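K.L.:
Residue numbers (our numbering): 43 to 143.
In this text, a Cβ means the ideal position worked out from N, Cα and C, and glycines have one as well.
Owing to the predicted nature of the structure, the values given are computational and were not obtained by experimental measurement.
First the structure, then my questions, so here it is.
This is the structure in structure tokens:
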């Protein structure tokens, strides 16, 4: 069985800008690709992402990059594109095993 790969546009450390955790440190993992075809005509807004390109990373490679940015930050934001096109239970479990929420 081959190891899963994920197409990732970018991974970065930033403060959460909205919601109940606004101002807290997070690692953002931006997945590439979206199948929603949002437009002003259909949804009242344009798609806010042009994240169609990216790097193929294994779970090990992805976790290594997350850890290199995390220091004491344990919050992960999985965003995109449409992250559910690629996100799987194995990656979520790996993140939890490493102490990320």
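To which residues of the same chain is residue 52 closer than 6 Å at the C-beta, ignoring the five residues directly before and after it?
P.N.:
72
K.L.:
Suppose the cutoff is 7 Å on Cβ atoms and the five residues either side in sequence are ignored; what does the same chain contact list for residue 146 look like?
P.N.:
Only positions 43 to 143 of the chain appear in this structure, which leaves residue 146 out of reach.
K.L.:
Could you check what DSSP says for residue 64 in three-state terms: helix, strand or coil?
P.N.:
Residue state, collapsed to three classes: coil.
K.L.:
Given that a residue counts as buried once 16 or more other Cβ atoms are within 10 Å of its Cβ, and exposed if not, what is residue 68?
P.N.:
buried
K.L.:
Helix or strand or just coil, what does DSSP make of residue 79?
P.N.:
coil
K.L.:
Given a cut-off of 8 Å, decide if residue 47 and residue 98 are closer than it, judged by their beta-carbon atoms.
P.N.:
Between residue 98 and residue 47, the C-beta gap is smaller than 8 Å, which places the two residues in contact.
K.L.:
Could you check where the beta strand (DSSP E) with residue 139 kicks off and where it finishes?
P.N.:
Per DSSP, residue 139 belongs to no beta strand (DSSP E); it is in the alpha helix (DSSP H), 131 to 139.
K.L.:
According to the Cβ coordinates, are residue 129 and residue 137 closer than 8 Å?
P.N.:
Going by C-beta atoms, residue 129 is not nearer than 8 Å to residue 137.
K.L.:
In the DSSP assignment, find the beta strand (DSSP E) that holds residue 19 and state where it starts and stops.
P.N.:
Look at the range of the chain in this structure, 43 to 143, and you will see that residue 19 is not part of it.
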